[in-house]
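Residue numbers for the sequence shown follow my numbering, beginning at 1152 and rising by one.
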Amino acid sequence: MSLLIDGIGELFTADDEGTVHYDAALVIEDGKIAWVGHRLNRPAADEYLDLDNRAVIPGFVDSHAHLVFAGDRSGEFDARMRGEPYDGGGIRTTVTATRQASDERLRENCARLTAEMLRQGTTTVEIKSGYGLTVEDEARSLRIAREFTAETTYLGAHTVPSGTDPDEYTALAAGPMLDACAPHAKWADVFCERGAFDGDQARAVLTASAKAGLGLRVHANQLTEGPGVKLAVEVGAASADHCTHLTGADVDALANSSTVATLLPGAEFSTRSPYPDARRLLDAGARVALATDCNPGSSYTSSMAFCIALAVREMGMTPAEALEAATAGGADALRRTDVGRIAVGARADLVVLDAPSFVHLAYRPGTPLTHAVVHGGSVVSSSAAKSSAAKSSAE
Ligand SMILES: [Zn+2]
């Protein structure tokens, strides 16, 4: 069964050429993009959908999210907005609530958030553990995460549980906890930061994780300059995430590596902190991704469009650069070539915008612009698209 999507006013492909096509059409077959081009050259297909000159972009790739948790921290946010600084200690609040929650409760929360993301156009999401911090609770977090995505990340080294010796906990995270979690995880991540894990502790967890067959990611340089980014590059991590406080050497290291700098402006927004300098990274030649960091403490947004708007307004990115970072950049941060781009052979993950141009993502911040979401070739969201399909098939 093939589907011709016609009447695309503007098509942002995020492919290698970074091309924007006008008056475009595309064909989906067997869940993949089978053809892309000018609508005058469109081939025939079994089904037809006319988008009435709307813009189409790749499905968002949210390469950094913490969705396995219980509890709510709006009180902490409220306190912070009244002037209390963020020190990362609030993670322990969520750890307590998560440990007490049933599997079903955690699963429901994860389902709610991934559905919320999909409705807004996110068709690939990475999900981390990190609110269990015991062998059993980390493993069950990853088992639940795996029900929702293939991109699961072991983050046992998220914070040192209170009353635990940091070196003893590091040995647990690099040993028995890793052994229990590795079967359910594709990636390993460490929060390398003052007050969390230092460079040596982070390296111990990362090298053990690589030996266990996991790909690597690092929470790096969020709150202060530190060893995180250099460590990420040294161990060949797919991504160094946050990158808010960088030295010139950090920027150079990223630019000369295959490690993606994943920027998470929702965290700076929610902690009222200075944003990372995306312009500096892009000008140096570093690969940049944007992601939500969706979590109950420091960035409780699931909206990639909101992150794009922040990146454009606050971080020196152009609308095209920000959208590229939120799609193909995120795919690169997960070392995926089948998502994040509209190209022949890629998975048919698309967002149809209720707008004539992708620029509206930043130009109309906070406005729901999702007309329809296509995931793996199926229209998964939007009643508007269904009525338009019905109308078209009657033509
Ligand atoms: Zn994070």
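For each residue, glycine too, the CB sits at the ideal point set by N, CA and C. Since the model is a prediction, treat every value here as computed from it, not as a measurement.
One Cα belongs to H1189, the other to Y1426, and the distance between them is close to 39 Å. Ligand 1 has a heavy atom closer than 7 Å to the beta-carbon of N1446. Counting along the chain, no alpha helix (DSSP H) covers R1368; the unbroken beta strand (DSSP E) around it starts and ends at G1366 to A1371.
Contact between H1396 and E1376 holds, since their C-beta atoms are separated by about 5 Å, short of 8 Å. The beta-carbon separation of V1384 and L1405, rounded to 7 Å, stays under the 8 Å limit for a contact. When DSSP states are grouped into helix, strand and coil, D1174 belongs to the strand group. Counted as a single uninterrupted DSSP element, the beta strand (DSSP E) harbouring I1208 occupies residues E1198 to P1209. In this structure the segment 1522 to 1533 does not lie against the segment 1469 to 1483, because fewer than three pairs of beta carbons, one per stretch, are closer than 8 Å. Boundaries around G1307 are those of the beta strand (DSSP E), T1303 to A1308, since no alpha helix (DSSP H) includes it.
At a cut-off of 3 residues, the continuous stretches assigned as beta strand (DSSP E) that sit fully inside the segment 1221 to 1309 are 1273 to 1276 and 1303 to 1308. When DSSP reads this structure, N1446 sits in a beta bridge with S1450. For H1217, the shortest C-beta to heavy atom distance toward ligand 1 is below 7 Å.
Taking 7 Å as the cut-off, one finds no heavy atom of ligand 1 near enough to the beta carbon of H1522. DSSP places F1457 in the helix class (H, G or I) of the three-state scheme. The DSSP assignment places 1481 to 1484 as complete runs of the alpha helix (DSSP H) inside the segment 1478 to 1511, in order along the chain (cut-off: 4 residues). Across the set T1249, N1372, L1504 and S1508, the C-alpha of S1508 shows the shortest separation from the C-alpha of H1172.
As the crow flies, the alpha-carbon of L1264 is around 7 Å from that of S1453. Beta-bridge annotation (DSSP): D1403 is not paired with any residue.
A residue is called buried when at least 16 other Cβ atoms come within 10 angstroms of its Cβ; D1500 meets this threshold and is buried. Taking the Cα of S1449 as reference, the smallest distance to any Cα among V1380, R1423, A1429 and V1463 is reached at R1423. Per DSSP, the unbroken beta strand (DSSP E) holding D1392 starts and ends at S1390 to H1393. With fewer than three CB-CB distances shorter than 8 Å, the segment 1262 to 1278 does not count as touching the segment 1427 to 1440. Distance between T1249 and A1266, taken at the CA atoms: about 20 Å. Proximity of the beta carbon of H1370 to ligand 1 is indicated: a heavy atom of the ligand is located closer than 7 Å. Per DSSP, the beta bridge partners of L1441 are L1414. Pairwise C-beta distances place the segment 1283 to 1291 in contact with the segment 1302 to 1310, as three or more of them are shorter than 8 Å. Ligand 1 has a heavy atom closer than 7 Å to the beta-carbon of D1392. Beta-bridge partners assigned by DSSP to F1342: H1370.
Sequence-distant partners of A1176 (beyond 5 residues in either direction) whose C-beta falls short of 7 Å from its own C-beta, in its chain, are L1155, I1156, D1157, I1159, G1188, R1190 and R1193. Judged by DSSP secondary structure, V1384 falls outside any beta strand (DSSP E) and instead within the alpha helix (DSSP H) spanning G1379 to E1385.
Taking C-beta atoms as the reference points, I1278 and A1296 count as a pair closer than 8 Å. With respect to the 8 Å criterion, C1332 and P1378 are not classified as neighbours on the basis of their beta carbons. A Cβ-Cβ distance of about 6 Å is found for the pair A1494 and T1164, placing them in contact under the 8 Å criterion. Around the beta carbon of R1224, 16 or more other beta carbons lie within 10 angstroms, which makes this residue buried.
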